[in-house]
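In this note's numbering, the protein residues as written are 24 to 287. Since the structure comes first, as structure tokens, the remarks are kept for the end.
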Amino acid sequence: MSAPRVALSAVVRRWEDADRATVNAAYVHSVANAGGIPLILSQIMGPGLAARALDGCDALLLSGGEDVDPAHYGAPPSPALRSPDPARDAFELALFRTARERGLPVLGICRGIQLINVALGGTLWQDLPSERPGPVYHDSPVARTARTHEVRLAPGSRAARALGAQTLIPNSFHHQGIRDLAPGLVATGWAADGLIEVAESADGDAWLLAVQWHPEEMHAEPGSPEQGLFRALVQEAKRYSLSASRSARERRSTTSPERSSAGK
Ligand code: MN
24 MSAPRVALSA
34 VVRRWEDADR
44 ATVNAAYVHS
54 VANAGGIPLI
64 LSQIMGPGLA
74 ARALDGCDAL
84 LLSGGEDVDP
94 AHYGAPPSPA
104 LRSPDPARDA
114 FELALFRTAR
124 ERGLPVLGIC
134 RGIQLINVAL
144 GGTLWQDLPS
154 ERPGPVYHDS
164 PVARTARTHE
174 VRLAPGSRAA
184 RALGAQTLIP
194 NSFHHQGIRD
204 LAPGLVATGW
214 AADGLIEVAE
224 SADGDAWLLA
234 VQWHPEEMHA
244 EPGSPEQGLF
254 RALVQEAKRY
264 SLSASRSARE
274 RRSTTSPERS
284 SAGK
């Protein structure tokens with residue numbers, strides 16, 4: 024079948040004296056390498072167009088970036104909160120809500136796992152070093168592809184199947200994390216300090232998988248297990264695309280004039 028379309032949430036960044044609507048190319052490489060068509064969606068269109076923007080898309084990837092505004096989970100801002108972007112929050116919350124309504128497969132990465140948790144009613148640590156100090160350093164000032172701390176995966180979970188592993192040492196650069204897990208999410212990966220590093224939907228629910236690290240950065244490492252996450256997303260997107268086109272055909276055939284007049 025044809026390559027499925029994967030919507031990819033972008034960021035707005037300023038450099039060389041201009042605002043750019045952009046996303047790290049690593050996300051684009053990862054989706055393309057897995058056989059998907061990456062479609063970059065910008066918050067600049069506003070949350071009112073998020074649902075329309077997802078028409079024709081077969082999956083949603085929520086990317087990394089700014090801290091989610093703690094107002095979305097009813098907490099006052101910590102002094103260590105970093106640069107929330109209200110426009111990005113609003114746009115991605117609208118994308119996610121629409122994706123769940125449609126049963127689109129969703130992959131969340133770093134900020135993505137945090138946004139998903141908040142959207143479903145969970146809360147966040149706003150700054151791990153000051154609020155939840157521990158032996159694991161999650162925000163490593165090293166190369167983006169450096170593998171830094173272990174994550175233990177729940178056997179048989181969507182994550183373990185996609186990664187083909189029970190444990191993994193991924194890269195890690197985040198200062199926030201899941202505090203209270205949202206209802207409807209299942210934790211399936213943990214750092215050695217107990218921090219949730221993976222959350223996913225229950226079996227039988229629409230496919231959703233979210234990780235706290237940055238698997239996209241490993242796109243150029245031959246055979247890296249992280250590429251399995253993107254292959255799983257694209258596989259689910261193909262499945263969604265097939266079922267969506269089947270139900271569209273069925274809708275057309277049950278509402279066509281031929282069919283309705285035939286009964287008269
Ligand atoms: Mn971590």
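Heads up, the beta-carbon is just placed ideally off N, CA and C, and yes, glycines get one too.
Residues near residue i by beta carbon distance below 8 Å, same chain, minus five either side
i, result
"residue 186", "176, 248, 249, 251, 252"
"residue 139", "85, 119, 129, 131, 205, 208, 222, 231, 233"
"residue 211", "176, 177, 180, 181, 182, 183, 221, 222, 223"
Sequence-distant residues of its chain with Cβ nearer than 7 Å to residue i (five each side left out)
i, result
"residue 92", "107, 109, 112"
"residue 121", "73, 74, 77"
"residue 22", "Outside the shown range of the chain, which is 24 to 287, sits residue 22, and nothing can be said about it."
Near the ligand MN: residue i beta-carbon under 6 Å from a heavy atom
i, result
"residue 350", "Only positions 24 to 287 of the chain appear in this structure, which leaves residue 350 out of reach."
"residue 210", "no"
"residue 198", "no"
"residue 149", "no"
"residue 222", "no"
"residue 214", "yes"
"residue 161", "yes"
"residue 153", "no"
"residue 195", "yes"
"residue 258", "no"
"residue 66", "no"
"residue 235", "yes"
Reduced DSSP category for residue i - H, G, I as helix; E, B as strand; rest coil
i, result
"residue 191", "strand"
"residue 112", "helix"
"residue 82", "strand"
"residue 33", "coil"
"residue 8", "Nothing in the structure corresponds to residue 8, since the chain is present only between 24 and 287."
"residue 267", "helix"
"residue 72", "helix"
"residue 251", "helix"
"residue 277", "helix"
"residue 25", "coil"
"residue 168", "coil"
"residue 61", "strand"
"residue 104", "coil"
Contacting residues, own chain, Cβ-Cβ under 6 Å from residue i (five flanking each side not counted)
i, result
"residue 116", "142"
"residue 57", "253, 254, 257"
"residue 201", "140, 219"
Min CB distance residue i to chain B below 7 Å
i, result
"residue 170", "No chain B is present in this structure, which holds just one protein chain."
Are the stretch 33-50 and the stretch 145-163 touching by the rule of at least three beta carbon pairs closer than 8 Å?
no
Would you check if there are 3 or more beta carbon pairs closer than 8 Å linking the stretch 154-170 to the stretch 190-200?
yes
The stretch 72-90 in contact with the stretch 121-133 per 3-pair CB rule at 8 Å:
yes
Quick test of the definition: if touching needs 3 or more C-beta pairs under 8 Å, does the stretch 29-40 touch the stretch 59-78?
yes
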